[in-house]
Amino acid sequence: MADNIARVFADAIATDPTRPLLTWYDDATGERTELSGATLANWVAKTANLLVDEAALAPGDTAGVLLPPHWQTAAVLLGCWSAKLTVVDTPGAVDVLFAAADRAAEAAAWSAGERYALALAPFAAPLRQVPPGFADYVVEVRGHGDHFTPYPKGGEADADLLARAEARATELGITPGDRLLIDAAVHPDPVDWLLAPLTRPASIVLCGNLDPSRLDSRATTEKATRTLT
1 MADNIARVFA
11 DAIATDPTRP
21 LLTWYDDATG
31 ERTELSGATL
41 ANWVAKTANL
51 LVDEAALAPG
61 DTAGVLLPPH
71 WQTAAVLLGC
81 WSAKLTVVDT
91 PGAVDVLFAA
101 ADRAAEAAAW
111 SAGERYALAL
121 APFAAPLRQV
131 PPGFADYVVE
141 VRGHGDHFTP
151 YPKGGEADAD
161 LLARAEARAT
171 ELGITPGDRL
181 LIDAAVHPDP
191 VDWLLAPLTR
201 PASIVLCGNL
211 DPSRLDSRAT
221 TEKATRTLT
């Protein structure tokens with residue numbers, strides 16, 4: 001089993017980088033955003049370059065992530081893992097903190113060298129008002145390069161996460177080539193909605209604020225092979 005999350009991601013998109021890998025729905029706003037493997041890889045690379053070139057972080061540094069399931073969260077997490085950062089969700093001292101704008105108040109419980117806020121808005125729109133002490137992730141990340149060479153080996157944290165992801169993929173019955181429709185509220189852990197599918201690999205239709213009345217039609221429209229709700 002690979003011990004490198006960046007390699008698992010690269011392998012998941014290698015066969016056809018143009019195929020949809022992650023499709024995001026938000027039934028509260030009507031948003032639908034579809035990302036190919038290549039497009040998500042660009043966001044991941046930009047995030048990793050932001051961390052290394054702008055925040056000057058190094059392997060083993062820590063990233064706090066206060067973000068819900070979302071396609072931008074996938075970019076942040078995969079960017080952190082590509083830069084070989086350790087991702088944590090327990091308040092404390094970290095080298096960088098990513099937070100949804102509506103959770104910025106929680107940042108008081110964190111000590112962070114760099115802080116980035118995310119609007120998580122349709123079309124990756126920037127924040128209308130940036131919380132004090134934060135930079136706007138979308139604005140900052142766009143200026144960075146589309147290519148990043150991940151560190152060659154994963155650390156112990158990578159291996160542990162991938163072992164959990166492999167186990168969850170088996171428990172959830174995910175098979176290679178599946179197209180998964182996932183209720184973000186039921187499966188908020190990125191091991192479930194991101195890493196487990198990538199280990200197979202499978203493509204992801206991630207639904208926030210899922211309207212149950214739309215479930216069947218969406219599964220048909222998206223040609224979902226498995227529904228995780």
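Here full-length UniProt numbering is used: the first residue of the sequence shown is 1, the next is one more, and so on. Yeah, the Cβ is synthetic: ideal placement off N, Cα and C, and Gly gets one too.
Classification of N209 by the beta-carbon crowding that lies within 10 angstroms, buried from 16 upward: exposed
Which residue wins for smallest C-alpha separation from P91, given the options R214, A105, G145? A105
Let's test the definition: count the other Cβ atoms within 10 Å of the Cβ of A111 and tell me whether it reaches 16, buried, or not, exposed. Before going further, note that residue 111 is Ser rather than Ala in the sequence given. Exposed is the call here.
Going along the chain, which residues of its own chain have a beta-carbon closer than 6 angstroms to the beta-carbon of V87, five neighbours each way excluded? A63, V65, C80
By Cβ distance, which residues of its chain are closer than 7 angstroms to D146, with the 5 residues on each side in sequence left out? N42, A45, K46
Could you check which residue in T39, P152, R103, A108 has the C-alpha nearest to that of V8? The alpha carbon of V8 has as its nearest neighbour, out of T39, P152, R103, A108, the alpha carbon of P152.
Taking V186 as the reference, which of C207, A58, L127 has the closest Cα? C207
By the 10 Å Cβ neighbour count, where 16 or more other Cβ atoms means buried, how is K223 classified, buried or exposed? exposed
Residue from L51, P197, L215 whose Cα sits closest to the Cα of D95: L51
Is it the case that the segment 165 to 178 contacts the segment 210 to 217, given that we only count it when at least three CB pairs across the two stretches are under 8 angstroms? At 8 angstroms Cβ cutoff, the stretches do not touch.
G79, DSSP secondary structure in three states: helix
Using only alpha-carbon positions, find the residue among P201, L181, L198, A99 that is nearest to V138. That would be A99, whose Cα lies nearest to the Cα of V138.
I'd like the ranges of any beta strand (DSSP E) spanning at least 3 consecutive residues and lying wholly in the segment 163 to 187. 179 to 183
For A109, collect the residues of the same chain with a Cβ closer than 7 angstroms to its Cβ; drop the 5 residues on either side in sequence, then sort them by chain order. P91
From A121 to A28, what does the alpha carbon distance come to, in whole angstroms? 11 angstroms
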